[in-house]
Every structure is written in C-alpha cells, then in structure tokens.
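S.K.: Note that the sequence shown covers residues 1 to 234 in the working numbering.
Once you've had a glance at the structure underneath, I'll fire off some questions.
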Amino acid sequence: AAQRSAAGPGQGVPGRSPALQQAAAALAATPGDGGIGRQPAMVRGRSVPCFQGSDFLAWLVSSPAAALLVQQHGVQQAASLLLAANIISPAADSLPELLEASAQQATTQTDTTTSLNSAATTGTGTALSEAGGKALPKVLPATSYHLVSEAGRPGKGAALNSHYWWSGPVRPAVEVAADLRARILALYDTHLSSNGRSVNYPALKADPRFAEYVDATAELQRVRYPRHGGGCMR
Numbered sequence: 001a002a003q004r005s006a007a008g009p010g011q012g013v014p015g016r017s018p019a020l021q022q023a024a025a026a027l028a029a030t031p032g033d034g035g036i037g038r039q040p041a042m043v044r045g046r047s048v049p050c051f052q053g054s055d056f057l058a059w060l061v062s063s064p065a066a067a068l069l070v071q072q073h074g075v076q077q078a079a080s081l082l083l084a085a086n087i088i089s090p091a092a093d094s095l096p097e098l099l100e101a102s103a104q105q106a107t108t109q110t111d112t113t114t115s116l117n118s119a120a121t122t123g124t125g126t127a128l129s130e131a132g133g134k135a136l137p138k139v140l141p142a143t144s145y146h147l148v149s150e151a152g153r154p155g156k157g158a159a160l161n162s163h164y165w166w167s168g169p170v171r172p173a174v175e176v177a178a179d180l181r182a183r184i185l186a187l188y189d190t191h192l193s194s195n196g197r198s199v200n201y202p203a204l205k206a207d208p209r210f211a212e213y214v215d216a217t218a219e220l221q222r223v224r225y226p227r228h229g230g231g232c233m234r
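Here is the structure:
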C-alpha cells in the first residue's frame with residue numbers, strides 16, 4: 001500500500017520551512033523516539049491514533065525537534081502552522097460536530113491551572129490568529145486531533161476526501177481543481193500502458209503519489225467560488 005508522508009498536503013501555507021518540516025517529522029515518530037503519545041479512538045467509523053490539543057501544545061514545548069519552530073513563532077502559532085499545513089487534523093466525525101465542539105470550548109474555557117493552557121485557549125475554535133499576514137486556524141486544548149498521515153484511507157463507499165478535515169488556506173475552486181487534475185494526470189501518464197490503451201490501476205493505487213492525491217482531495221471541503229461574477233464565497 002502507498003505510504004503517506006508526514007509532510008502534509010497543504011498548499012501555500014505560511015511557515016512551511018525546514019523548522020516546520022522537522023517538527024512534523026518528529027511529531028509523527030513513535031513516542032519512544034520522541035513523537036507525541038496517542039491513543040486509539042473511533043473517528044468516522046475507524047480506529048485512529050489520537051491526542052488532545054493540550055498534549056500537543058505540551059509536546060511542542062518539550063520537544064527538541066520543535067524548539068526552532070517554537071522559537072520562531074511561539075507555541076500557539078507553531079501549533080497553528082502545523083494544523084494549517086494539514087500535519088494534524090481535528091478528530092471529529094462531522095464538520096457540524098467539529099464546529100459545535102469548538103464553539104462550546106470557546107465559551108467554557110475555565111482551565112487556568114497553567115500559563116500554557118491559559119495562553120493557548122484564547123479565542124474560539126473558528127477564530128483566526130494572524131501570522132505574517134496570513135490567517136491561521138487555532139489549536140484548542142480540549143479538542144482531539146490525529147496525524148493526517150495516520151488517518152487511513154477513506155472507507156468503502158465513503159467520499160474520497162472524507163478521511164480528515166482540511167485546515168489549510170481556502171483557495172478558489174478552479175485552482176484546487178487544476179492542481180488535482182495535474183496530480184491525477186501525472187499518475188495516469190506514469191501507469192499508462194505502452195500502447196496507451198489501459199492503465200495499471202493496482203500499480204497506480206500503490207504509488208505514493210496516489211496517497212498524496214487522496215490527501216489533497218480534502219481541500220475540496222473548503223473552496224471559494226465566484227458569485228455573480230464578483231467576489232468569492234465558500
């Protein structure tokens with residue numbers, strides 16, 4: 001089976017730097033090798049290794065591999081960059097459930113036991129923190145998350161882009177469609193027979209780029225499209 005990279009499928013994400021890539025790789029390691037601890041939980045009908053946002057923030061503080069990213073951006077913004085790069089994703093069964101949980105956390109934040117939690121819980125689940133002119137999603141301590149690289153393939157009969165929630169920038173639908181088309185055409189070109197009459201689908205499915213394509217389709221959850229020839233809306 002094709003293997004996913006911990007690099008994430010995000011496009012145009014601010015802060016996609018060597019420091020972010022280093023933190024992402026370390027996060028995905030086993031706990032014994034310095035990665036974040038995770039526990040199996042049922043997400044969209046599948047058992048997925050998950051962790052709490054509070055544990056993720058604490059990991060960023062303690063991990064030597066994340067030190068440079070935290071030094072450059074601070075703990076909360078470093079967490080937001082990893083979320084916006086689709087390295088991690090909220091472990092919610094549906095988008096309404098995710099938004100409802102985020103709203104509830106925003107109105108019931110009473111944990112002041114540590115300065116880290118106090119600083120990290122400012123704002124709402126849909127609130128955006130500004131970083132370098134780019135809006136970033138916020139990581140909430142009481143929300144469960146999972147690594148996109150451990151999300152697994154969409155279940156049989158499920159939509160191709162249903163295995164995790166897209167947290168990256170919202171781009172025009174035409175741009176997203178063009179990127180996805182380029183990805184799948186490149187795969188077809190690689191696995192097309194010499195006479196051009198058939199495609200080796202088992203080999204295409206096993207190609208690591210197909211796993212990356214499946215991850216990239218999640219961007220279709222949140223796109224902008226023209227309205228009346230003017231501005232764009234989601």
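Even glycine gets a Cβ: it sits at the ideal position worked out from N, Cα and C.
Quick one: what does DSSP say Arg-224 is sitting in, helix, strand or coil?
M.R.: strand
S.K.: Could you check which residue in Arg-44, Pro-202, Asn-161 has the C-alpha nearest to that of Leu-220?
M.R.: Asn-161
S.K.: Verify whether the separation of the beta carbon atoms of Ser-80 and Pro-137 is less than 8 Å.
M.R.: A distance below 8 Å separates the beta carbons of Ser-80 and Pro-137.
S.K.: For Arg-224, which option in Ala-173, Gln-52, Ser-198, Asp-189 has the closest C-alpha, if you only look at C-alpha atoms?
M.R.: Ala-173
S.K.: Which runs of the beta strand (DSSP E) spanning at least 3 residues fall entirely within the segment 170-228, listed in chain order?
M.R.: 223-226
S.K.: What does the Cβ neighbour count give for Asn-195, buried or exposed, with the cut at 16 atoms within 10 Å?
M.R.: exposed
S.K.: Out of Leu-185, Pro-202, Val-199, state which residue places its alpha-carbon closest to the alpha-carbon of Tyr-213.
M.R.: Ranking Leu-185, Pro-202, Val-199 by Cα distance to Tyr-213 puts Leu-185 first.
S.K.: Pull the bridge partners of Ala-41 from the DSSP assignment, please.
M.R.: Answer is Val-48.
S.K.: Nearest by alpha-carbon distance to Val-176: which of Ser-89, Asp-207, Thr-217 is it?
M.R.: Thr-217
S.K.: In angstroms with no decimal places, state the Cα-to-Cα distance between Leu-192 and Lys-205.
M.R.: 13 Å
S.K.: Checking 8 Å against the spacing of the C-beta atoms, do Gln-22 and Leu-68 come in under that value?
M.R.: yes
S.K.: Locate the beta strand (DSSP E) running through His-146, then write down its first and last residues.
M.R.: 144-147
S.K.: When you compare the CB positions of Ser-94 and His-146, do they come within less than 8 Å of one another, or not?
M.R.: The Cβ atoms of Ser-94 and His-146 lie no closer than 8 Å to each other.
S.K.: Check Ser-54 in the structure and name its three-state DSSP category.
M.R.: helix
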